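This report refers to the structure that appears directly beneath it.
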Amino acid sequence: MFIDSLKLKLLAGKGGNGIIAWKREKYQPKGGPYGGDGGNGGSIILEVDEHLLSFEKFFHKQIIKGENGSCGGSCNKTGKTGKDIIVKIPLGTILKDEDDNVLFEFKKKNETFLICKGGKGGRGNVSFKTATNRAPNIATEGTKGEIKEINFELKLIADVGLIGMPNAGKSTLMRQITHSKVKIGAYPFTTLHPNLGLVEFEDFSRILVADIPGIIKGAHINKGLGLSFLKHIERTSVLIFVIDSNSDDPIEDFQMLLDELKIFNKDLLDRPCLTILNKTDLQNTENIKKFKKFYPFNQKTLIEASALKKLGLDIFLKKLKSYCETKF
55 MFIDSLKLKL LAGKGGNGII AWKREKYQPK GGPYGGDGGN GGSIILEVDE
105 HLLSFEKFFH KQIIKGENGS CGGSCNKTGK TGKDIIVKIP LGTILKDEDD
155 NVLFEFKKKN ETFLICKGGK GGRGNVSFKT ATNRAPNIAT EGTKGEIKEI
205 NFELKLIADV GLIGMPNAGK STLMRQITHS KVKIGAYPFT TLHPNLGLVE
255 FEDFSRILVA DIPGIIKGAH INKGLGLSFL KHIERTSVLI FVIDSNSDDP
305 IEDFQMLLDE LKIFNKDLLD RPCLTILNKT DLQNTENIKK FKKFYPFNQK
355 TLIEASALKK LGLDIFLKKL KSYCETKF
């Protein structure tokens with residue numbers, strides 16, 4: 055299950071209460087104050103785990119609580135501090151408050167953020183002792199930990215994003231060049247959520263690829279769940295357009311993709327890109343000829359290929375590696 059947004063209620067631990075106690079020993083039947091402070095409550099800390107790809111593990115968990123601090127003890131003993139709760143989240147997580155204001159973005163591996171601070175432990179009567187009040191009969195309660203309702207959103211961070219219409223062959227391409235096992239079918243919207251895969255080269259260099267679900271006309275207004283797909287493109291460094299050379303009109307398909315990206319975020323079109331003219335094994339020579347003539351970018355960025363037959367993929371991977379090394 056792929057979940058890229060959710061709302062969680064976070065409750066940091068309460069501080070333990072301070073106590074009133076008196077020193078009572080054999081030779082000090084009326085000793086001074088002896089009550090210790092309460093322990094601080096545990097905080098809630100978010101930490102990036104690069105192995106997580108979505109918020110799936112939170113599907114049945116809507117509240118996260120920090121551990122409470124313990125009350126103080128006699129003999130001036132401070133209560134035990136509540137244990138901090140470390141919550142693992144995917145790289146690319148964005149935190150927003152209830153007014154949709156961005157609180158923090160996680161862009162680095164192992165990055166941490168203290169989202170809810172635990173309450174402070176209360177004071178025992180020892181801490182109230184002064185020169186003029188040597189037997190204070192007072193202690194305070196621990197304070198409550200922070201309570202927040204946070205919206206979690208995910209934008210995948212990948213080197214390369216595969217972009218195309220439904221059934222253009224992106225998932226087939228993904229399977230051929232990476233170790234991912236994505237679902238493939240001869241019908242639109244086979245891919246209903248982004249898939250990640252690694253392209254590994256002989257020199258041990260690697261490129262992380264995101265297969266973005268098919269984009270259709272009107273995606274920028276969320277047609278076909280477009281907004282939930284387009285947002286994942288924003289954090290890819292290189293765009294790979296996958297065009298079906300055997301469609302009714304490959305030129306119109308490509309232009310639609312460019313238009314949708316431009317409307318959603320015009321800066322996306324400033325990023326480096328390659329284009330795969332896929333399914334050329336079907337030999338729709340007229341479509342291929344027209345598309346090559348129309349192609350608005352450098353012809354060196356256009357690769358004729360068949361992901362299914364593994365034709366042209368060596369050339370594509372060579373260009374992709376060279377392109378990424380130059381652009382990153």
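Per the numbering used here, numbering through the sequence shown is continuous, rising by one, with the last residue being 382. Using N, Cα and C, we set each Cβ at its ideal position, and we do this for glycine too. Given the structure is predicted, the values throughout are model-derived calculations rather than measurements.
Discussion item. Among LYS344, PRO87, ASN205, ALA66, whose alpha-carbon lies nearest the alpha-carbon of ASP138?
Written reply: The residue labelled residue 138 in the question sits at position 84 within the sequence shown. Out of LYS344, PRO87, ASN205, ALA66, ALA66 has the C-alpha closest to the C-alpha of ASP138.
Discussion item. Assuming THR290 is part of the beta strand (DSSP E), what are its boundary residues?
Written reply: For the purposes of this step, residue 290 is taken as residue 236 along the sequence shown, with counting starting at 1. Note, THR290: beta strand (DSSP E), 290-298.
Discussion item. Rounded to the nearest angstrom, what separates TYR241 and ASP321 at their Cα positions?
Written reply: In the sequence shown, the residue the question calls residue 241 occupies position 187. In the sequence shown, the residue the question calls residue 321 occupies position 267. Residue confidence for TYR241 is low, a pLDDT of 45 falling below 50, so the modelled location carries little weight; the figure read from the coordinates is stated next. Their Cα atoms are separated by approximately 31 angstroms.
Discussion item. I'd like to know whether the C-beta atoms of GLY173 and GLY126 end up nearer to each other than 8 angstroms.
Written reply: The count along the sequence shown starts at 1 and reaches residue 173 at position 119. The count along the sequence shown starts at 1 and reaches residue 126 at position 72. No, Cβ-Cβ distance for GLY173 and GLY126 is not below 8 angstroms.
Worksheet entry | LEU227 versus ASP324: straight-line alpha-carbon distance, rounded | Counting from one through the sequence shown, the residue named residue 227 turns up at place 173. Counting from one through the sequence shown, the residue named residue 324 turns up at place 270. C-alpha separation (whole angstroms): 24 angstroms.
Item to complete: Say whether the stretch 302-315 touches the stretch 334-352, bearing in mind that this needs 3 or more beta-carbon pairs closer than 8 angstroms, one atom from each stretch.
Response: Judged by Cβ distances under 8 angstroms, the stretch 302-315 makes contact with the stretch 334-352, as three or more pairs qualify.
Worksheet item: Taking C-alpha atoms, which residue in ILE117, ALA212, ARG188, PHE258 lies nearest to HIS286?
Response: To locate residue 286, count along the sequence shown from 1; it is residue 232. Closest option to HIS286, Cα to Cα, is ALA212.
Discussion item. So LEU216 and ASP265 are supposed to be a Cβ contact under 8 angstroms. How far apart are they, rounded?
Written reply: Here residue 216 refers to the residue found at position 162 when the sequence shown is read from its first residue. Here residue 265 refers to the residue found at position 211 when the sequence shown is read from its first residue. About 5 angstroms; that satisfies the 8 angstroms criterion.
Discussion item. Across the stretch 93-104 and the stretch 130-149, are there enough close Cβ pairs to call them in contact, namely three or more that are closer than 8 angstroms?
Written reply: Segments in contact, yes.
Item to complete: With ASN205 as the anchor, note down where its beta strand (DSSP E) starts and where it stops.
Response: Here residue 205 refers to the residue found at position 151 when the sequence shown is read from its first residue. For ASN205, the enclosing beta strand (DSSP E) covers residues 201-208.
Worksheet item: Is it right to say LYS80 is buried, meaning 16 or more other beta carbons lie within 10 angstroms of its own, or is it exposed?
Response: Residue 80 sits at position 26 when you count from the first residue of the sequence shown. LYS80 comes out exposed.
Worksheet item: Taking buried to mean at least 16 other C-beta atoms within 10 Å of its own C-beta, is LYS61 buried or exposed?
Response: Translated into positions along the sequence shown, residue 61 becomes position 7. That one is exposed.
Discussion item. Excluding the 5 residues flanking LYS277 on each side, which residues of the same chain have their C-beta closer than 8 angstroms to its C-beta?
Written reply: Counted from its first residue, the sequence shown places residue 277 at position 223. Residue confidence for LYS277 is low, a pLDDT of 47 falling below 50, so the modelled location carries little weight and cannot support an answer.
Worksheet item: How many angstroms separate the CA atom of ILE118 from the CA atom of GLU101?
Response: In the sequence shown, the residue the question calls residue 118 occupies position 64. In the sequence shown, the residue the question calls residue 101 occupies position 47. For the pair ILE118 and GLU101, the Cα-to-Cα distance works out to about 14 angstroms.
Worksheet entry | Straight-line gap, GLU152 to LYS63 (C-alpha atoms, nearest Å) | Locating residue 152 in the sequence shown gives position 98, counting from the first residue. Locating residue 63 in the sequence shown gives position 9, counting from the first residue. Going from the Cα of GLU152 to the Cα of LYS63 covers about 11 angstroms.
Worksheet entry | For ILE169 and ASN179, the rounded distance between their alpha carbons | Translated into the one-based positions of the sequence shown, residue 179 becomes position 125. Translated into the one-based positions of the sequence shown, residue 169 becomes position 115. Distance between the alpha carbons of ASN179 and ILE169 is about 32 angstroms.
Worksheet item: What residues match up with GLY93 in a beta bridge as DSSP calls it?
Response: One-based indexing of the sequence shown puts residue 93 at position 39. Beta-bridge pairing links GLY93 to no other residue.
Worksheet entry | With 16 other Cβ atoms within 10 Å as the buried cut-off, status of CYS327 | Locating residue 327 in the sequence shown gives position 273, counting from the first residue. With 16 or more other Cβ atoms within 10 Å, it is buried.
Worksheet entry | Touching by the beta-carbon criterion (3+ pairs, under 8 angstroms), the stretch 200-212 and the stretch 142-152 | yes
Worksheet item: Under 8 angstroms, do LYS183 and PRO83 count as touching if we go by C-beta distance?
Response: Walking along the sequence shown from the start, residue 183 turns up at place 129. Walking along the sequence shown from the start, residue 83 turns up at place 29. Not closer than 8 angstroms, so no.
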